[in-house]
Ligand SMILES: Cc1cc2nc3c(=O)[nH]c(=O)nc-3n(C[C@H](O)[C@H](O)[C@H](O)COP(=O)(O)O)c2cc1C
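Numbering (the working numbering), first residue to last: 34 to 387.
What follows is the structure, encoded as structure tokens:
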């Protein structure tokens, strides 16, 4: 059924469809249809999954950038997600880049985006989360899992890289009481210069500073780092060393790629689309390779959330066998539709039985 709906939706601009689809779901939930939707999208029960002490009802989450402003948590929980990573959130609100800035590549099962961290700013997002937490408490000691919420944090475009740590600090402090884990995002290709922060010394400065603040809290929250799939082996080794050195709680592998090799979409179309991060099927292989490499090199001591090209249960199983603790979907959600979590979980249960 979604294949037919998708044909129609794909006739309209992707960003407009994104808001239309999620706002429609919000209306349905507000009209009291949430219970019905919840039962039709409910994934099969599985053993719970863990990331450190955090407990997840199921291992399928939604990647950052889909619900940047924490506006659709109820709706995403209704669709069966085990966790949602909100953000990337920056200290000040940002409009992001000019539109159009999101493009479909149907021949490749992919998207290209150059959103540029459009978001409502940490104050507004925190207020929304505070409201959500009135009824959905944060997980403190591995208690029963509700929807787990990750806070993905970044820096404003106008903040120079040498001051980036201050932006991360602001977002970290504001969101700390309201999220279950944090992701430090230095890997988006759409904020000029951001990816330079993946260099070891810059990373050390930001992450150690956040760890220090974290350790002064009554309840420290797991801090993960999200990396680009375009890092060289040397850079990945640096990330691994640093993760061990400062006892990072995990890595999110990976963000979108700037690589355009091997695509079916014609070159002139790609040129017309222009700059941005490529996501979906073309990043699957590289992301899995990095998950595997990191798991092997660290003996599994650095937990991984895998992101990149997950559309089906087989894709999720590939990431889990490569060593990931959890998986996230984004582009797959657009192509496979609202039953993606249920389908992945059904498939994983089948694969486990086989
Ligand atoms: C439109 C769009 C916006 C995104 N925004 C963010 C973001 O703000 N922060 C972030 O860390 N990742 C962002 N991502 C990257 C995704 O979270 C994910 O890591 C990436 O798309 C690879 O997964 P996929 O192949 O399942 O889409 C965005 C991706 C897309 C397609």
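Using N, Cα and C, we set each Cβ at its ideal position, and we do this for glycine too. Model, not experiment: these values are computed from the prediction.
With a cut-off of 8 Å, the C-beta of residue 231 is classified as distant from ligand 1, since no heavy atom of the ligand falls inside that distance.
By the Cβ criterion, the region 201-220 is in contact with the region 253-264, since at least three pairs of Cβ atoms, one from each stretch, lie closer than 8 Å. Under DSSP, residue 214 takes part in a beta bridge, and its partners are 183.
Looking only at 243, 117 and 160, the smallest Cα-Cα distance to residue 89 is reached by 117. Remark: C-beta atoms of residue 355 and residue 338 do not approach each other more closely than 9 Å.
Counting along the chain, no alpha helix (DSSP H) covers residue 145; the unbroken beta strand (DSSP E) around it starts and ends at 143-146. Contact between residue 143 and residue 331 does not hold, since their C-beta atoms are separated by about 29 Å, which reaches or exceeds 8 Å. Residue 302 and residue 52 have their C-alpha atoms spaced approximately 25 Å apart. Unbroken alpha helix (DSSP H) stretches of 4 residues or longer found wholly inside the region 253-311: 266-278 and 300-306, given in chain order.
Counting only residues of its own chain and dropping the five nearest sequence neighbours on each side, residue 310 has a CB closer than 8 Å to the CB of 145, 146, 147, 221, 222, 223, 288, 289, 290 and 291.
DSSP places residue 121 in the uninterrupted beta strand (DSSP E) bounded by 116-122. Residue pairing for residue 63: DSSP places it in no beta bridge. Between residue 271 and residue 232, the C-beta spacing is below 9 Å. Burial check for residue 340: the Cβ neighbour count within 10 Å reaches 16 or more, so the residue is buried.
Nearest in C-alpha terms to residue 81, of all of 199, 46 and 378, is 378. Here DSSP, grouped into helix, strand and coil, assigns residue 361 to strand.
In the structure shown, residue 89 adopts extended strand secondary structure according to DSSP, grouped into three states. Residue 58 holds the alpha-carbon nearest to the alpha-carbon of residue 111 among 58, 122, 96 and 129. Just measuring C-alpha positions, the residue of 349, 312 and 173 sitting nearest residue 91 is 349. Membership of residue 136 in the beta strand (DSSP E) is indicated by the continuous run 135-138. In this structure, the CA atom of residue 372 is about 43 Å from the CA atom of residue 195. Ligand 1 has no heavy atom closer than 8 Å to the beta-carbon of residue 172. For residue 148, the shortest separation between its Cβ and any heavy atom of ligand 1 lies below 8 Å.
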